[in-house]
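A short worksheet on the structure shown next.
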Amino acid sequence: MVRKIEFSFRREQGSQRMNQRHHEADEPHSLVLRLGADDPLVLESGASLAPVQIAYQTYGTLNAERTNAILICHALTGDQHVANVHPVTGKAGWWISMVGPGKPIDTDRFFVICSNVIGGCMGSSGPASTNPETGEAFATGFPVLTISDMVRAQARLIDHLGIETLLAVVGGSMGGMQVLAWASLFPSRVFAAMPIASAAKHSAQNIAFHEVGRQAVMADPEWRRGRYQQEGARPVKGLAVARMAAHITYLSEPALQRKFGRKLQDREAPTFSFDADFQVESYLRHQGISFVERFDANSYLYLTRAMDYFDLAADNGGSLGAAFRNTRTRFCLVSFTSDWLFPTSDSRQIVHALNAAGASVSFVEIESDKGHDAFLLEEPNLFATTRGFLNAAATARGIPGGAA
Amino acid sequence: MSSEALRSDYRLVAEMVRPGTRVLDVGCGDGELLAFLAQHKQVDARGIEISREGVAACVAKGLAVIQGDADTDLADYPDDCFDYVILSQTIQATRNPKIVLEQMLRIGRNAIVSFPNFGHWRIRTHLMFKGAMPVTENLPDTWYNTPNIHFCTIRDFVALAEALQARIVRADALDAAGKPVGVKMPWWFWNLMGEQGIFWLARQGD
Numbered sequence: 049m050v051r052k053i054e055f056s057f058r059r060e061q062g063s064q065r066m067n068q069r070h071h072e073a074d075e076p077h078s079l080v081l082r083l084g085a086d087d088p089l090v091l092e093s094g095a096s097l098a099p100v101q102i103a104y105q106t107y108g109t110l111n112a113e114r115t116n117a118i119l120i121c122h123a124l125t126g127d128q129h130v131a132n133v134h135p136v137t138g139k140a141g142w143w144i145s146m147v148g149p150g151k152p153i154d155t156d157r158f159f160v161i162c163s164n165v166i167g168g169c170m171g172s173s174g175p176a177s178t179n180p181e182t183g184e185a186f187a188t189g190f191p192v193l194t195i196s197d198m199v200r201a202q203a204r205l206i207d208h209l210g211i212e213t214l215l216a217v218v219g220g221s222m223g224g225m226q227v228l229a230w231a232s233l234f235p236s237r238v239f240a241a242m243p244i245a246s247a248a249k250h251s252a253q254n255i256a257f258h259e260v261g262r263q264a265v266m267a268d269p270e271w272r273r274g275r276y277q278q279e280g281a282r283p284v285k286g287l288a289v290a291r292m293a294a295h296i297t298y299l300s301e302p303a304l305q306r307k308f309g310r311k312l313q314d315r316e317a318p319t320f321s322f323d324a325d326f327q328v329e330s331y332l333r334h335q336g337i338s339f340v341e342r343f344d345a346n347s348y349l350y351l352t353r354a355m356d357y358f359d360l361a362a363d364n365g366g367s368l369g370a371a372f373r374n375t376r377t378r379f380c381l382v383s384f385t386s387d388w389l390f391p392t393s394d395s396r397q398i399v400h401a402l403n404a405a406g407a408s409v410s411f412v413e414i415e416s417d418k419g420h421d422a423f424l425l426e427e428p429n430l431f432a433t434t435r436g437f438l439n440a441a442a443t444a445r446g447i448p449g450g451a452a
Numbered sequence: 019m020s021s022e023a024l025r026s027d028y029r030l031v032a033e034m035v036r037p038g039t040r041v042l043d044v045g046c047g048d049g050e051l052l053a054f055l056a057q058h059k060q061v062d063a064r065g066i067e068i069s070r071e072g073v074a075a076c077v078a079k080g081l082a083v084i085q086g087d088a089d090t091d092l093a094d095y096p097d098d099c100f101d102y103v104i105l106s107q108t109i110q111a112t113r114n115p116k117i118v119l120e121q122m123l124r125i126g127r128n129a130i131v132s133f134p135n136f137g138h139w140r141i142r143t144h145l146m147f148k149g150a151m152p153v154t155e156n157l158p159d160t161w162y163n164t165p166n167i168h169f170c171t172i173r174d175f176v177a178l179a180e181a182l183q184a185r186i187v188r189a190d191a192l193d194a195a196g197k198p199v200g201v202k203m204p205w206w207f208w209n210l211m212g213e214q215g216i217f218w219l220a221r222q223g224d
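Protein sequences, first through last, are from chains A and B. Those letters in the first sequence? Residues 49 to 452, per our numbering, in order. Those letters in the second sequence? Residues 19 to 224, per our numbering, in order.
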């Protein structure tokens, strides 16, 4: 009985959060840049998008010379709420350990910007946004995007903020792909670049995992060919399963073993049923359910697709080195030993290309058993590397302050 | 840091490097030499270091250093991309010193190598009278746990340079106190009195 009440409470709360999220898609709790119908964003697919809305957060103060701006690029299921309370979940920002006063990305010294990627669902134009022509959500009528499209939209925001050259662009995973695209598309606008746990192309294995996730979403009858919002449906099961599968890829075997092992969930013995007997099952179910409350199913399809299409070498005649030819940007790459989704070899490939291009590049592989998610967690070596790299870049650019 | 505070072998290496050039330090440790060269010689300083701690220390100093291995990662650099490639106190720890030196002379116009001289009289007497692999202040490891798997003498190194058809631009030997052994002395004297050798090599014809 108690369980049932808890469940319906959870459902109620979840439903409220989903309503709040639908609201965020058009009217976010963020700063918003609106580009008019006369100022379209031409996409890599050839489609053009107008009007465009970009939701963003900033932290710290832009200096008079406009030289201390750091752009943070968020990962697949992240958003612009880096270091403030999230308007939907009420939780702390996703990189609160990294960004803030005195933190490695020090908002006392730097002006930090993070925008929701286009295709996202937290206030930048995406499939959950209302199509002004129809008054309904775009759903699958939204054009398919690429990582470069996200970056070109961000460049419009940086123009709007009156910043010519960013001190640094920093991001992990899909955020790291954006960092690489920034450095390749706008080399003169990126003084320093820090792609973390990332790759210059999405691997076959990673595309395969994404396809599993998309198929789970689309197999949910409540997905309604993408028109769930119009039809008042909630494709929560498909998206939750997609998240469960993806979440496994963000961890590592040792981390799962350490955290859960074969421990049972609130019971002494197996129940000989398909209930969540094991703690790891219960944990994944929780991950799935809490994710659907804050994320849009169609957005998930679009953003995973954008990552799949990413191949920086292919965009440059097959040569990754050509993507960075004559670059003056200083790079710092980081990978984690137990990350099997974006393994160290992916980062090394970028390092080799940058060396071949004669670029200034640092690279460190950090020992961690936490898998791909390590970049979001308390990793003292990541913090030290980030702090050192950014402070050195700031000093090289003549920005006052900093210990060294 | 002033040049007096710098390790004596580093000081000699720093003397050999022309200002404003491109330098790769292979096995750069915590970046002491690179930082000195960047500050006092305005070089474009790059490094390779095998230990995570070393790389982290270098990045924190603002140096461009990648985690890597001299034996495997030099092959990834294009020809002629550095003016100097430095290998200090590391060649004896490489798996294939000849290939490492070859790669250094391929990617750089000049190679500067410093190494402990196994022909030093103290090491010779240690082996002669104790009959055991020498363990000294500068070489404190025992034979079974040392990372130094390819010791050589100054004479051996000269032979390797000749085998690679490299030109010896300059050679120095430092005694136990870090002072240069007399310049005018013959090779055999250096090989006996030098605790370490520092060689500046270039390609024939360059």
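All C-beta atoms in this analysis are idealised placements derived from N, C-alpha and C, irrespective of residue type, glycine included. Just so it is clear, the structure is predicted and the values come from calculations on it, not from any experiment.
6 Å Cβ shell around residue i - same chain, five flanking residues per side excluded
i: M122 (chain B); result: V103, A129
i: A401 (chain A); result: L368, G369
i: A82 (chain B); result: R64
i: D87 (chain B); result: I68
i: K285 (chain A); result: D268
i: F147 (chain B); result: none
Residue j beta carbon less than 9 Å from that of residue i
i: A248 (chain A); j: D356 (chain A); result: no
i: H420 (chain A); j: A245 (chain A); result: yes
i: P180 (chain A); j: G189 (chain A); result: no
i: F239 (chain A); j: R435 (chain A); result: no
i: L42 (chain B); j: Y95 (chain B); result: yes
i: R333 (chain A); j: D325 (chain A); result: no
i: A229 (chain A); j: I195 (chain A); result: yes
i: L351 (chain A); j: L97 (chain A); result: no
i: M146 (chain A); j: F431 (chain A); result: yes
i: N166 (chain B); j: Q214 (chain B); result: no
i: V260 (chain A); j: A281 (chain A); result: no
i: V130 (chain A); j: R65 (chain A); result: no
i: I172 (chain B); j: N135 (chain B); result: yes
i: G137 (chain B); j: G212 (chain B); result: yes
Per-residue DSSP class, three states only, for residue i
i: Y357 (chain A); result: helix
i: A220 (chain B); result: strand
i: G47 (chain B); result: coil
i: K148 (chain B); result: helix
i: E67 (chain B); result: strand
i: D27 (chain B); result: helix
i: D417 (chain A); result: coil
i: F234 (chain A); result: coil
i: Q493 (chain A); result: Nothing can be reported for residue 493 (chain A): it is not among the residues displayed for chain A, which extend from 49 to 452.
i: T433 (chain A); result: helix
i: F169 (chain B); result: coil
i: P198 (chain B); result: strand
i: A117 (chain A); result: strand
i: K59 (chain B); result: coil
i: R185 (chain B); result: strand
i: Y276 (chain A); result: coil
i: T352 (chain A); result: helix
i: V133 (chain A); result: coil
Cutoff 7 Å; reference residue i; Cβ partners in own chain excluding five residues on either side
i: A288 (chain A); result: G336, I337, F339, V340
i: D91 (chain B); result: I66
i: F55 (chain A); result: Residue placement at F55 (chain A) is flagged as unreliable, the pLDDT there being 48, under the threshold of 50; a coordinate-derived value is accordingly withheld.
i: A203 (chain A); result: F234
i: A53 (chain B); result: K79, L81
Rounded distance between the beta-carbons of residue j and residue i, thought under 8 Å
i: T106 (chain A); j: F159 (chain A); result: 7 Å
i: L91 (chain A); j: D197 (chain A); result: 5 Å
i: F186 (chain A); j: S172 (chain A); result: With a Cβ gap of about 12 Å, F186 (chain A) and S172 (chain A) do not count as contacting.
i: D98 (chain B); j: T39 (chain B); result: D98 (chain B) to T39 (chain B), Cβ: 12 Å. No contact.
i: G80 (chain B); j: T443 (chain A); result: 7 Å
i: V100 (chain A); j: L79 (chain A); result: No, V100 (chain A) and L79 (chain A) are not in contact; Cβ-Cβ is about 15 Å, not under 8 Å.
Residues near residue i by beta carbon distance below 8 Å, same chain, minus five either side
i: P235 (chain A); result: F372, N374, T375, R376, T377
i: L30 (chain B); result: S132, D190, L192, P198, I216
i: I186 (chain B); result: V176, A179, F217, W218, L219
Chain D within 9 Å of residue i, Cβ atoms only
i: T433 (chain A); result: Protein chains in the displayed structure are A and B, and chain D is not among them.
**Report entry** Positions along the segment 103-119 of chain B whose CB lies within less than 9 Å of some CB in chain A
**Finding:** Result list empty, no residue passes.
Compile a chain-ordered list of the residues in the segment 146-180 of chain B whose CB is closer than 8 Å to at least one CB of chain A.
-> For the segment 146-180 of chain B, no residue has a beta-carbon sitting nearer than 8 Å to a beta-carbon of chain A.
- Against chain B: residues of the segment 412-426 of chain A by CB proximity under 9 Å: If the cut-off is 9 Å between Cβ atoms, the segment 412-426 of chain A has V412, E413, I414, E415 near chain B.
### Query
In the segment 70-81 of chain B, which residues sit with their C-beta less than 8 Å from some C-beta in chain A, listed in chain order?
Going along the segment 70-81 of chain B in chain order, one finds R70, V73, A74, C76, V77, A78, K79, G80, L81 with a Cβ nearer than 8 Å to chain A.
If you measure beta-carbon to beta-carbon, which residues of the segment 368-389 of chain A are closer than 7 Å to chain B? Hits within the stretch, in order: R378, C380.
Residues from the segment 27-38 of chain B in contact with chain A, defined by Cβ distance under 7 Å
Listed by position along the chain: nothing, the set is empty.
Members of the segment 85-97 of chain B that neighbour chain A once the beta carbon cut-off is set at 7 Å
Taking 7 Å as the Cβ-Cβ cut-off against chain A, the residues of the segment 85-97 of chain B that qualify are Q85, D94, Y95, P96.
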